[in-house]
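Participant: Take 946 as the starting number for the sequence shown in the numbering used here and just add one per residue.
No residue lacks a Cβ here, since even glycine has one placed at the ideal position from N, Cα and C.
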Amino acid sequence: YTNRLFFELKYAKNKKYRLEHCSGLEQMLINFPLSRDHVEKLIEIIFCMKPKYFYVNNELTPWAYLLEHLLIKAAEFEIIISDESLSNLCEIIYKLDKADYILTQVNKQLYNYFVKSKTEISGILFDKFSELFLSLCTSKHWYEEFCVFLMKILGQELTELPQVITIERAIILIASVAFEKKYFKHILSSRYSEILIAICTQPTPSWLADLAKIVQPYISHKTCDKVCKDINKLSDQVAISKDSLLLIKEIFYKSQQNPLLLYLLNHWLTESSQKSDHNQSEAICQTFSSVASSVENLNHLQKLESDVSKYLILYGMKIPSAAMLDHLKFYVKTSQINSPPSHILELIWSHTRFINIFVETTDIKISLLLLIMELFKMDKSLVKESYLPLFLSAYQASLKESDQIILEILQLFESCGVNMNICKPYLWGESAIEHYAIEQGPKPAKGHPTLTLDHLNMDMVKNTITNFPLNRKLEGTCLVEFENVYDPAFILPVLHQVLTPEANIKINPWRAFHCGAMALTLASLGSNCSEIRAAACLVIEKIHSRNNKKKDSLVWYHFIEAIRQGLAEFDESNKVPKVSCIVSTFLARASLIIYDPTHYLYRQIQNFICARPAMNLKTIPALLEVFHSTEEHYRLYQQWILEVIRDGIRESSDLQLAFKCNVLKFLLVFHSSCLSNREIKVLIEEIIAKCLKYADKESHFLINNYSIIPWLESIGKSSFILEQLPQKLTSQFKSLIAYVCRGFKKIELDDGNETEKQNYYPEVWISKKTMSV
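(1) Given that a residue counts as buried once 16 or more other Cβ atoms are within 10 Å of its Cβ, and exposed if not, what is Lys1388?
(2) Counting C-beta neighbours from all protein chains within 10 Å, is the total for Gly1461 16 or more, i.e. buried, or is it exposed?
(3) If Ile1037 and Phe977 are in contact, beta carbons under 8 angstroms, what's the gap, nearest whole angstrom?
(4) Between which two residues does the beta strand (DSSP E) harbouring Thr1064 extend?
(5) What are the residues that DSSP puts in a beta bridge with Ser1343?
(6) Pull up the DSSP beta-bridge partners for Glu1004, would you.
(7) Residue range of the alpha helix (DSSP H) that His1272 falls in?
(8) Hey, out of Leu1647, Pro1162, Ile1117, whose CA is closest to Trp1152's CA?
(9) Any idea if Ser1536 is buried or exposed, counting beta-carbon neighbours within 10 angstroms, 16 or more meaning buried?
(10) Starting from Gln972, trace the alpha helix (DSSP H) in both directions and tell me its first and last residue.
(11) My parser needs the beta strand (DSSP E) runs of 3 or more residues fully inside the stretch 1289-1354; what are they?
(12) Are there 16 or more other CB atoms within 10 angstroms of the CB of Gly969, so buried, or fewer, so exposed?
(13) Report yes if the C-beta distance between Ala1464 and Val1406 is below 8 angstroms; otherwise report no.
(14) Work out the CA separation of Tyr1056 and Glu1088 for me, nearest whole Å.
(15) I'd like the ranges of any alpha helix (DSSP H) spanning at least 4 consecutive residues and lying wholly in the stretch 1118-1198.
(16) Hey, out of Leu1612, His1245, Pro1558, Thr1297, whose CA is closest to Gln1584's CA?
(17) Return helix, strand or coil for Ile1452, following the three-state DSSP convention.
(18) If you drop the 5 nearest sequence neighbours on each side, which residues of the same chain put their C-beta closer than 7 angstroms to that of Leu1316?
(19) Quick one: does Phe1022 have its CB under 8 angstroms from some CB of chain B?
(20) Tell me, which residues are paired with Leu1249 by DSSP?
(21) How do the stretch 1412-1431 and the stretch 1326-1334 stand: do at least 3 beta-carbon pairs fall below 8 angstroms, yes or no?
(22) Reducing DSSP to helix, strand and coil, say where Glu1384 ends up.
(23) If you count every other CB in all the chains shown that lies within 10 Å of the CB of Phe1124, and 16 or more means buried, which is it?
(24) Measuring alpha carbon to alpha carbon, tell me which of Leu1667, Ile1590, Ile1354 ends up nearest Ala1603.
(25) Which term fits Glu1384, buried or exposed, when burial requires 16 or more other beta carbons within 10 angstroms of its beta carbon?
(26) Within the stretch 1045-1102, note down every full beta strand (DSSP E) run reaching 3 residues or more, in order along the chain.
(27) Can at least three beta-carbon pairs, one atom from the stretch 1009-1026 and one from the stretch 1051-1067, be found at a separation below 8 angstroms?
(28) List in chain order: all unbroken beta strand (DSSP E) runs of 3+ residues lying wholly within the stretch 1554-1605.
(29) Can you give me the start and stop residues for the alpha helix (DSSP H) that Pro1204 sits inside?
(30) Are the stretch 1480-1494 and the stretch 1533-1548 in contact at 8 angstroms, needing three or more beta carbon pairs?
(31) Out of Met1096, Ile1378, Lys1369, Arg1417, state which residue places its alpha-carbon closest to the alpha-carbon of Thr1395.
(32) Where does Tyr962 fall in DSSP's three states?
(33) Could you give the distance in angstroms between the alpha-carbon of Gly1261 and the alpha-carbon of Lys1322?
(34) Nearest by alpha-carbon distance to Leu1141: which of Asp1541, Ala1184, Asn1429, Ser1121 is it?
(35) Where Val1524 and Ser1238 are concerned, what is the direct C-alpha to C-alpha distance, given to the nearest angstrom?
(36) What's the gap between the Cα of Phe1769 and the Cα of Val1093?
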């Protein structure tokens, strides 16, 4: 049937039928799909037909649908259409477009074919498509995707766009290309009045966002000054939207009139708040925030009216809108508000969504916390101890941005002389809500200090050991890669207070090991912040002072004593010693083992600890003893120590320790031996990948001195390592990297001409030498 369909189409073409009564062609092509050979032959036949066969009685004939179908199949079969056929197709589209027929699908499929095929647009083909492009620019129907594509391919060689092209189309085309042409500036300057009308048109045209992208390179300072002047005059007529404000912001920035724009934004916000137009208000607040950050002198700034402040709190928390709360925070921070801070804070506490926002983890919570903190800083008399349970209930003790802000607020409370002891024992999150009973009153319930230790989540403890925030400081905030970890800036001071001796309250040191508190403390010894390490040492001292030499606690006591003696061996005059992250990870995980006699590694770790009065913390502890163990579960031992090494390699100093202990040398050999199973091989590959990603990112020592690339080729491609291979290397190694990564990913090389770049239209080239015929 497919052959018969092909024959009938060929016959209809030869007989010059227009197929105006053949309504079932589309379904027939679906039921009887054409083969590659059929498609190639039909392209040669159909694309060469005269345009008059593609329409009749002001309607497109089925031949037009066949054009679309053949283009789809050509892309599917990766058929290279000849220049002659493409040139004829160009002529068909040109004639049909001139006759005002809608060719959306044909143009879309032609665009898709060009993107997917390796087609060189040159010679007569270049001229044909240039003619088609100029025609489509002024066509009754707008084919944006296809025209943008042609602009990228042909625009650099064009001397100008058609004079009658609409401002919308011209801006979309100009904004789509990276090159610059002189006629771009002329188009924009000559259409000034149309741009101003568009800014005052409701709803605002979407192309204003494209115009904003090209303000800096193509609109002159003189034109920008004129626009600023007219917008100031017509401020009540400006249509406020995200697109119009984006354009206005760029124009005022180029004209260096940002202070005037801040005045106008303040005026527009007052009007939108009176109309309760929340979308406009949010767009204004977002624009105001970005503009204000670039203005140095804000003395001229008008004060925010009380009604506007109330509106921003009411709807900023109701919608919710972080931009509205950030706007209010800016005015509070600059002391440019008419409302007293106590009044604003009361509006926040009394809002119906306050508790819901506080227990969530969203952007609105972050903005609300920042606003509250600025209010406290503005008027420190608002800081009261009764608020402590509220903030602890919203706190998760993690490194999420909202939690870091809450910790700053708690530290602010402490600096203001608030008695933090009323909340002892410290709890946070949902447990704090119940314990402090914040809905019933500010007075927290009393409890044993061990409640804090029991509140630690073991999964989060283990995650903190694996992804410890090395650059976290005891005060302030920081950017972290992993947020779902305990914040040492909070946990360590809390542990210190919990373990501080109190009358008639005794805490068994076993609890510090069992709950993971000791593990968190030992993991902190690898921190880059000396204050964090000092706090960890104080906690260790507290646990050590509570640890007696009873028979049931000898192992714990000896473990702590061996660590203390090991730290004392560091030659760090007047400094808190820093151990490698590999060592701190080992100590933390070992502390989770020695309280559990049922653990498969308990005896091995116990023997290692008891055999040493002082632990050597300048090397990887128990590396050879654990890895080369002859015990029944030696595979588990190997996996455990390899996981310690993998998770502990974070910095170049950790890699240097691994070199010092010959870890990488024997791991590379062990990977290739028959003694390693699949799990061990994967762990070794992950260790190498971790080295490349973090510790060896700059020096490439593994590639230069350890022959990682030949080793990687010999063991078979490992996705863990291939993903972390550096993209930029010297010419000495770039060919090796490209070879070993063949079929996996593209490598960007240092040589400018050899850099592989993936463009939006990667497979289309222009041969400038063959543009003219």
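Facilitator: Considering the structure as presented:
(1) Caution is warranted here: a pLDDT of 48 is assigned to Lys1388, below 50, making its placement in the model unreliable, and the coordinate value is therefore given only provisionally. Per the 10 Å Cβ criterion, exposed.
(2) buried
(3) Actually they are not in contact, since the Cβ atoms of Ile1037 and Phe977 sit about 25 angstroms apart, beyond 8 angstroms.
(4) Element bounds for Thr1064: 1064-1066.
(5) Tyr1431
(6) Val1001
(7) 1267-1278
(8) Looking from the CA of Trp1152, the closest CA among Leu1647, Pro1162, Ile1117 belongs to Ile1117.
(9) Buried, because 16 or more other Cβ atoms sit within 10 Å of the Cβ of Ser1536.
(10) 970-976
(11) none
(12) exposed
(13) yes
(14) Residue 1088 is actually Tyr in this sequence, not Glu. Each residue's alpha carbon lies about 10 angstroms from the other.
(15) 1127-1135, 1137-1144, 1153-1158, 1160-1163, 1166-1178
(16) Leu1612
(17) coil
(18) Leu1270, Leu1273, Lys1274, Val1277.
(19) Absent from the structure: chain B. Only one protein chain is present.
(20) Within the DSSP secondary-structure output, Leu1249 pairs in a beta bridge with Ile1282.
(21) The stretch 1412-1431 is not in contact with the stretch 1326-1334.
(22) In this prediction, Glu1384 scores a pLDDT of 46, lower than 50, which makes its location untrustworthy; the coordinate-derived value is nonetheless stated afterwards. It is coil, neither helix nor strand.
(23) exposed
(24) Closest option to Ala1603, Cα to Cα, is Ile1590.
(25) Unreliable placement is indicated for Glu1384, whose pLDDT of 46 sits below 50; no coordinate value is reported for it.
(26) 1064-1066
(27) yes
(28) none
(29) Note, Pro1204: alpha helix (DSSP H), 1203-1220.
(30) no
(31) Lys1369
(32) coil
(33) 21 angstroms
(34) Of the candidates Asp1541, Ala1184, Asn1429, Ser1121, the residue whose Cα lies closest to the Cα of Leu1141 is Ala1184.
(35) When rounded, the separation of the alpha-carbon atoms in Val1524 and Ser1238 is 41 angstroms.
(36) Because the chain here runs from 946 to 1718, residue 1769 falls outside it and cannot be looked at.
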